[in-house]
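Working notes for the structure below.
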Amino acid sequence: MTREQKRAAKAFELMEPLAGKNAAKKYGTMAHKLPVLVKSAGLTQALHFVESRGSEEQKTLLDHLAEQLCDAKLLKQNSKEALLKEVRTASLQNYIRLTQETLAVLLWHK
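All residue numbers for the sequence shown refer to the working numbering, where the first residue is 7 and numbers rise by one.
The structure is reproduced here in structure tokens:
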């Protein structure tokens with residue numbers, strides 16, 4: 007199974023419980039906007055924006071990102087708190103890797 011197939015399968019697994027619910031619309035809106043926000047403001051600012059201003063459904067996206075980044079061995083703990091801390095404290099090399107993987111994962115959440 008390729009990396010893209012793993013990302014797609016995990017995204018499907020995580021989003022399946024949201025299918026057909028009103029929460030899916032808010033989640034989808036943020037999933038579409040977040041890649042642009044990451045590219046314009048940077049990963050740290052984008053994720054903290056979602057944490058501070060997003061609805062509960064939109065914050066669920068952070069949980070899903072944390073889980074996928076943990077599966078990719080970029081996070082040690084599977085939580086949005088660990089994700090937010092890691093992007094704030096990561097070395098430049100790790101920050102770039104986190105950004106690339108986040109953007110790759112977000113393609114499947116859109």
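In this text, a Cβ means the ideal position worked out from N, Cα and C, and glycines have one as well. The structure displayed is predicted, hence computed values, not measured ones.
For a test of the three-state rule: what should DSSP assign to residue i, helix, strand or coil?
i    : result
Q83  : coil
A25  : coil
K116 : coil
Could you check if residue i is buried or exposed, using at least 16 other CB atoms within 10 Å of its CB as the buried criterion?
i   : result
M7  : exposed
Q64 : buried
K32 : buried
K37 : Correcting the residue type first, residue 37 is Ala in the shown sequence and not Lys. The residue in question, A37, is buried, as its Cβ has 16 or more Cβ neighbours within 10 Å.
E92 : buried
V42 : exposed
A17 : buried
E73 : buried
K86 : buried
A52 : buried
Does chain D have any CB closer than 8 Å to the CB of residue i?
i   : result
A52 : Absent here is chain D; the protein component of the structure consists of one chain.
Fill in: 4-residue-minimum alpha helix (DSSP H) runs that sit fully inside the stretch 33-112, ordered along the chain
49-59, 62-77, 86-95
Item to complete: Determine contact between the stretch 98-114 and the stretch 72-85, defined as no fewer than three beta-carbon pairs at a distance below 8 Å.
Response: yes
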